[in-house]
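Some notes on the structure that comes next.
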Amino acid sequence: MKKVKTLLSALFLLSSIFTYAQGVGINNDGSAPDPSAILDVKSATQGMLVPRMTSAQRLAISTPANSLLIYDTNTQSFWFYSNSAWQELKSSTSAPASEISDIDGNTKVTVDEGNDNIIRFYSGDAINETIIISNNRIEPKGFNTIIGDSAATQTSENGTVAIGYHALISSLGGANTAIGMLAMENDANGSFNTAIGYYALTGNTNGSANTAVGVNSNGYYWSNGSENTSIGGYSLGLNYLGNKNTAVGNISLYCNSTGSKNTALGHSSMYSNRGGYENTSLGYLSMYSNTSGARNCVFGTQALHDNKSAHYNVAIGYNSAYSDTSGSYNVSIGSWSLENNINGHSNVAIGVRAASQGGGQHNIVAIGDSALFNNNQSGNVAVGSKVLYSNTTGGANTAIGHQALQNSTGNDNTAVGRWALHNLTSGNGNTVIGDNGWPYGTTTYSNYTGLGYYVGSGVADPSNRVEIGNTSVLWIGGQVGWSTYSDQRIKKNIRQDVPGLDFVMKLKPVTYNLDIHQQNRMANSEKETKDWPGKYDIEQKRMTGFLAQEVAEAAQQSDYEFSGVDIPENEDELYSLRYAEFVVPLVKAVQELAEENQEQQVVIEKLLERIEKLENK
Numbered sequence: 076m077k078k079v080k081t082l083l084s085a086l087f088l089l090s091s092i093f094t095y096a097q098g099v100g101i102n103n104d105g106s107a108p109d110p111s112a113i114l115d116v117k118s119a120t121q122g123m124l125v126p127r128m129t130s131a132q133r134l135a136i137s138t139p140a141n142s143l144l145i146y147d148t149n150t151q152s153f154w155f156y157s158n159s160a161w162q163e164l165k166s167s168t169s170a171p172a173s174e175i176s177d178i179d180g181n182t183k184v185t186v187d188e189g190n191d192n193i194i195r196f197y198s199g200d201a202i203n204e205t206i207i208i209s210n211n212r213i214e215p216k217g218f219n220t221i222i223g224d225s226a227a228t229q230t231s232e233n234g235t236v237a238i239g240y241h242a243l244i245s246s247l248g249g250a251n252t253a254i255g256m257l258a259m260e261n262d263a264n265g266s267f268n269t270a271i272g273y274y275a276l277t278g279n280t281n282g283s284a285n286t287a288v289g290v291n292s293n294g295y296y297w298s299n300g301s302e303n304t305s306i307g308g309y310s311l312g313l314n315y316l317g318n319k320n321t322a323v324g325n326i327s328l329y330c331n332s333t334g335s336k337n338t339a340l341g342h343s344s345m346y347s348n349r350g351g352y353e354n355t356s357l358g359y360l361s362m363y364s365n366t367s368g369a370r371n372c373v374f375g376t377q378a379l380h381d382n383k384s385a386h387y388n389v390a391i392g393y394n395s396a397y398s399d400t401s402g403s404y405n406v407s408i409g410s411w412s413l414e415n416n417i418n419g420h421s422n423v424a425i426g427v428r429a430a431s432q433g434g435g436q437h438n439i440v441a442i443g444d445s446a447l448f449n450n451n452q453s454g455n456v457a458v459g460s461k462v463l464y465s466n467t468t469g470g471a472n473t474a475i476g477h478q479a480l481q482n483s484t485g486n487d488n489t490a491v492g493r494w495a496l497h498n499l500t501s502g503n504g505n506t507v508i509g510d511n512g513w514p515y516g517t518t519t520y521s522n523y524t525g526l527g528y529y530v531g532s533g534v535a536d537p538s539n540r541v542e543i544g545n546t547s548v549l550w551i552g553g554q555v556g557w558s559t560y561s562d563q564r565i566k567k568n569i570r571q572d573v574p575g576l577d578f579v580m581k582l583k584p585v586t587y588n589l590d591i592h593q594q595n596r597m598a599n600s601e602k603e604t605k606d607w608p609g610k611y612d613i614e615q616k617r618m619t620g621f622l623a624q625e626v627a628e629a630a631q632q633s634d635y636e637f638s639g640v641d642i643p644e645n646e647d648e649l650y651s652l653r654y655a656e657f658v659v660p661l662v663k664a665v666q667e668l669a670e671e672n673q674e675q676q677v678v679i680e681k682l683l684e685r686i687e688k689l690e691n692k
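Just add 75 to the spot in the sequence shown (first one is 1) and you have the numbering used here.
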């Protein structure tokens with residue numbers, strides 16, 4: 076009280092106090108206080124001191140009134156109380172602030188400490204910095220990075236990165252990275268997961284080592300799968316327990332629930348897969364419908380599109396094996412190869428449109444553009460462009476060569492060579508080896524065998540025939556002669572009625588030159604237009620033999636059914652002879668001559684005896 080009185084006495088001595096109805100004025104010039112002020116202090120040589128105290132003392136003031144003013148010696152600034160908080164007074168021309176802090180100074184942001192051009196964030200402890208920002212980089216000072224409303228609120232493990240609303244909100248696992256709104260929202264104990272995108276891995280609960288990039292990627296409903304990789308919107312979207320899957324592309328492997336070890340690359344690739352496993356599918360809509368098929372390998376847009384349960388297929392190319400639903404063990408390489416196969420198995424189709432139209436064939440091999448294009452039967456082998464192209468019902472055929480057996484619908488045929496058996500439409504058991512080898516007199520025949528370049532006769536019915544070489548062949552042979560089955564046990568109606576001298580004496584041996592131009596014209600051969608060196612050399616060779624028509628006439632005159640001459644069914648076909656069979660009537664003729672000789676010898680001997688007797692008389 077004594078100090079107060081002393082202070083008041085000093086004020087009265089140093090200045091004059093003037094009291095007016097409108098207020099109080101303190102000055103040394105006797106002027107009246109301003110009408111608007113309750114207290115007007117004026118001086119040109121002195122200032123007014125307000126209370127000075129530390130920050131702690133300021134904060135200890137009980138129920139401060141609004142506009143209460145003090146000077147804080149810690150911050151070295153004026154503070155006033157307003158709206159339940161202390162506010163610092165700063166000059167607009169003062170130096171830029173290097174720190175923003177809370178009241179007690181232990182939560183703050185600082186800039187440029189020691190001229191290091193770094194922004195530091197301190198939270199709860201003024202000594203340890205938690206985040207620093209430098210050169211466009213955010214670096215957590217601890218082991219976790221968490222940005223977003225309610226992100227990673229349960230996380231206590233290190234190595235967590237959660238950026239986005241509710242990202243990793245429930246996770247207790249560690250080393251997870253979740254970036255995006257609701258990314259890994261339901262994770263409970265999963266670890267080592269990476270989720271980037273809205274709702275990415277949001278359904279994961281306990282799965283670990285998953286990678287999901289894209290909207291709703293990888294089990295956005297509920298999932299416990301592990302070691303999955305999904306890149307693309309809704310990829311592996313419904314995955315539940317599947318493990319070790321890789322899905323790249325929007326809605327790839329979308330419906331997968333328990334399938335594992337699948338690889339799907341491409342928009343909608345393996346979209347419908349549920350339990351299928353160990354499949355590899357690359358391409359837009361490839362293996363789209365697969366549900367349980369396993370261990371298929373697919374590459375190409377819509378390849379194996381309709382497959383549901385088939386296993387062990389290889390499909391490479393646009394629409395390759397498109398319609399296959401349950402056929403297994405197929406290999407199709409080439410656009411549209413095995414396109415319409417539905418349930419056929421164990422097929423091989425290599426080439427554009429190879430075996431494209433068949434629906435249920437098995438055990439076929441089609442190699443070449445459009446080989447077995449229309450085939451719907453099993454057991455065929457076609458190698459070459461358009462080989463067995465028109466075959467629809469024929470089975471067990473083998474054709475190798477461009478357009479070989481192109482038009483056939485028969486069974487058990489073998490054609491090797493370009494255009495071999497090209498004209499055959501129906502017929503079974505034919506075999507041709509040679510370029511352009513086919514009988515050109517008809518399109519329907521069976522059990523025909525032809526060997527050689529351009530082999531093929533012009534007979535009306537080449538069935539049950541064997542031809543070696545074309546019309547230009549000069550020599551056919553081997554080390555030994557041709558053998559014919561002649562076992563008595565396979566012969567019946569045996570008669571010794573072969574004419575000998577009677578038939579032989581009617582034969583007319585001749586020499587001649589072949590006219591193969593005429594031969595080909597008579598057969599209306601399409602092959603006549605094809606030439607090659609030496610084609611007509613045979614016409615220059617002088618031949619020895621018989622004329623088949625004369626042999627037939629001689630046999631008729633002798634009332635002999637001679638099997639050594641073939642008489643055609645019409646005038647456009649050619650006669651032919653089997654010279655080996657002439658041996659039989661020749662043997663008979665020799666036997667007849669021998670018998671005559673024996674009879675004559677008996678007569679001669681008797682005549683000699685008579686002559687001798689006459690001479691001895």
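We put the beta carbon where it would ideally sit given N, CA and C, even for glycine. Predicted model only: the values in this text are computed from it and were never measured.
Query	Result
When DSSP builds the beta bridges, which residues end up paired with Y156?	W161
Taking the C-alpha atoms as reference points, what is the distance between D641 and E648?	10 Å
Name, in chain order, the residues that DSSP records as bridge partners for G620.	V585
Just curious, the beta strand (DSSP E) that K663 is in, first and last residue?	Segment V658 to E690 is the alpha helix (DSSP H) holding K663; no beta strand (DSSP E) there.
In the DSSP assignment, what are the bridge partners of T304?	T286 and T321
Where E687 and L668 are concerned, what is the direct C-alpha to C-alpha distance, given to the nearest angstrom?	28 Å
What three-state label does DSSP hand R349 in the structure shown?	coil
Which first and last residues belong to the beta strand (DSSP E) in which S356 is found?	T355 to L357
Could you check if Y346 belongs to the surroundings of the ligand HEM, using beta carbon to heavy atom distance under 7 Å?	The ligand HEM is not part of the structure shown, which contains no ligands of any sort.
For D381 and G375, I'd like the C-alpha separation in whole angstroms.	14 Å
Using the C-alpha atoms, what's the distance from G368 back to V236?	38 Å
Under 8 Å, with one C-beta from each stretch per pair, do the segment 548-564 and the segment 678-686 reach the 3-pair mark?	no
List in chain order: all unbroken beta strand (DSSP E) runs of 3+ residues lying wholly within the segment 341-418.	355-357, 372-374, 389-391 and 406-408
Measure the C-alpha to C-alpha separation of R685 and K692 and round it to an integer number of angstroms.	11 Å
Going by the DSSP bridge assignment, what does D115 pair with across the sheet?	G100
Count the other CB atoms within 10 Å of the CB of R570; is the residue buried (16 or more) or exposed (fewer)?	exposed
From which residue to which residue does the alpha helix (DSSP H) around L144 run?	Counting along the chain, L144 falls outside any alpha helix (DSSP H), though it belongs to the beta strand (DSSP E) covering L144 to D147.
From L682 to L689, what distance separates their C-alpha atoms?	11 Å
For D612, which of helix, strand or coil comes out of DSSP?	helix
Among residues of its own chain, excluding the 5 on either side of I474, which ones have a beta-carbon nearer than 6 Å to its beta-carbon?	Going by the sequence as given, residue 474 is Ala instead of Ile. A457, V462, L463, L480 and A490, listed in sequence order.
Thinking C-beta only, is T366 closer than 8 Å to G351?	yes
Apart from the five residues on each side of it in sequence, which residues of its chain come closer than 8 Å, Cβ to Cβ, to E778?	The requested residue 778 is not part of the displayed model; the chain covers only 76 to 692.
I want to know whether the segment 505-514 touches the segment 523-541 - three or more CB-CB distances under 8 Å.	yes
Using the Cβ count rule (16 or more neighbours within 10 Å means buried), how would you classify F657?	buried
Can A630 and L652 be called in contact, C-beta distance under 8 Å?	no
State the Cα-Cα distance for the pair S332 and R349, rounded to the nearest angstrom.	5 Å
Below 8 Å CB to CB, which residues in the same chain sit around S152 once its five sequence neighbours on both sides are set aside?	Y146, E163, L164 and K165
What span of residues does the alpha helix (DSSP H) with S130 cover, start to end?	S130 to A135
Starting from V440, follow its DSSP beta bridges and name the residues at the other end.	V423 and V456
Short of 8 Å in beta carbon distance, which residues of its chain neighbour N394, apart from the five on each side in sequence? Order them along the chain.	G375, T376, Q377, A378, H380, S410, W411 and E414
Can you say whether I543 is buried or exposed, counting buried as having 16 or more other CB atoms within 10 angstroms of its CB?	exposed
For N449 versus Q436, is the C-beta distance shorter than 8 Å?	no
Got a sec? Which residues, its chain only, sit under 8 Å from Y309 by beta carbon, not counting five neighbours each side?	G289, V290, N291, S292, Y295, N325, I326 and Y329
Under 8 Å, do G519 and S501 count as touching if we go by C-beta distance?	According to the sequence shown, residue 519 is Thr rather than Gly. Result yes, Cβ atoms of T519 and S501 sit closer than 8 Å.
Output needed for D612: all residues of its chain with C-beta closer than 8 Å, excluding positions within five of it in sequence on either side, in chain order.	S547 and L549
How about G492 and N503: are their beta carbons less than 8 Å apart?	no
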